[in-house]
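Accompanying notes for the structure given below.
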Amino acid sequence: MKGGGGTYRAVIFDLDGTLLDTLDDLTNAVNTTLTALGLPGRTRDEVRSFVGDGVAKLMERAMPVGFDPQSAADGLARFKAYYADHCREKTAPYEGIPSLLADLQKMGLHTGIVSNKFDGAVKALSKHYFGDLIEVAVGERESEGIRKKPAPDTLLMAMGSLGVSPQETLYVGDADTDIMTARGAGVACASVTWGFRDREFLLSHGATMLIDRPDELKSLLSIEEKI
976 MKGGGGTYRA
986 VIFDLDGTLL
996 DTLDDLTNAV
1006 NTTLTALGLP
1016 GRTRDEVRSF
1026 VGDGVAKLME
1036 RAMPVGFDPQ
1046 SAADGLARFK
1056 AYYADHCREK
1066 TAPYEGIPSL
1076 LADLQKMGLH
1086 TGIVSNKFDG
1096 AVKALSKHYF
1106 GDLIEVAVGE
1116 RESEGIRKKP
1126 APDTLLMAMG
1136 SLGVSPQETL
1146 YVGDADTDIM
1156 TARGAGVACA
1166 SVTWGFRDRE
1176 FLLSHGATML
1186 IDRPDELKSL
1196 LSIEEKI
């Protein structure tokens, strides 16, 4: 599969809004946490606008401006604990994703996940929904000195695990964070329009390849193969 100056050997995906529709479970976890803190809840659309930069930023955006830092830290801990136990109640792969991953595997392409969701949840969700269709899953690990997206660290880590170069990798995501991450790693990026950001937003933030359905990714790879 021809990429920019090379051959694609790997497709690495963002998770929330790209492979999995996690919005209902995220909204439930946010509002359960806010209720426990005596704070007003947030709408599904508000939570949609808050996601993409990790759970610490999600909860920071969900809480009132100037909320007590200690209570905010307690809220984050509550969110993580609740979400770990309730992250699969309404979450599901987007239509066409399982068959896409199976097809990529048959094509001999390596597959991975790079997400700003905390690492334990990323690995658990990947294993539960995708099994061996995903070879490596990397989440947020800033406590280890590994910067989260849009820094390229976790994407470079996944590429290292798969043994592929930037020229051999296509990164697929639904947000401006993903576009910046790919750019920082020197990797081509395909942006999906079925996730948490719409087409106009993606184009205004530098998207150069857009796909509206999972099966279009295979077409994109086939087109690149003929270049």
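Numbering (my numbering), first residue to last: 976 to 1202.
All residues carry an ideal CB built from backbone N, CA and C; glycine is no exception.
Computed from a prediction, not measured in an experiment: that's the story for all the values here.
DSSP, reduced to helix, strand and coil, places Pro1039 outside both helices and strands of the structure shown, so it counts as coil. About 4 Å separates the CB atoms of His1085 and Ala985; that is less than 8 Å, so the two are in contact. The beta carbon of Val1139 sits closer than 8 Å to those of Arg984, Ala985 and His1085, all from its chain and outside the five residues before and after it, given in chain order. Looking only at Thr1152, Phe1105 and Lys1102, the smallest Cα-Cα distance to Arg1122 is reached by Thr1152.
Within the same chain, and ignoring the five residues on either side of Leu1012 in sequence, the residues whose Cβ sits closer than 7 Å to its Cβ are Ser1046 and Gly1050. The three-state reading of DSSP puts Gly1181 in coil, since its state is none of H, G, I, E or B.
DSSP places Glu1021 in the uninterrupted alpha helix (DSSP H) bounded by Arg1019 to Phe1025.
A residue is called buried once 16 or more other Cβ atoms fall within 10 Å of its Cβ, and Asp1000 is buried on that count. Rounded to whole angstroms, the separation of the alpha carbons of Trp1169 and Tyr1058 is 23 Å.
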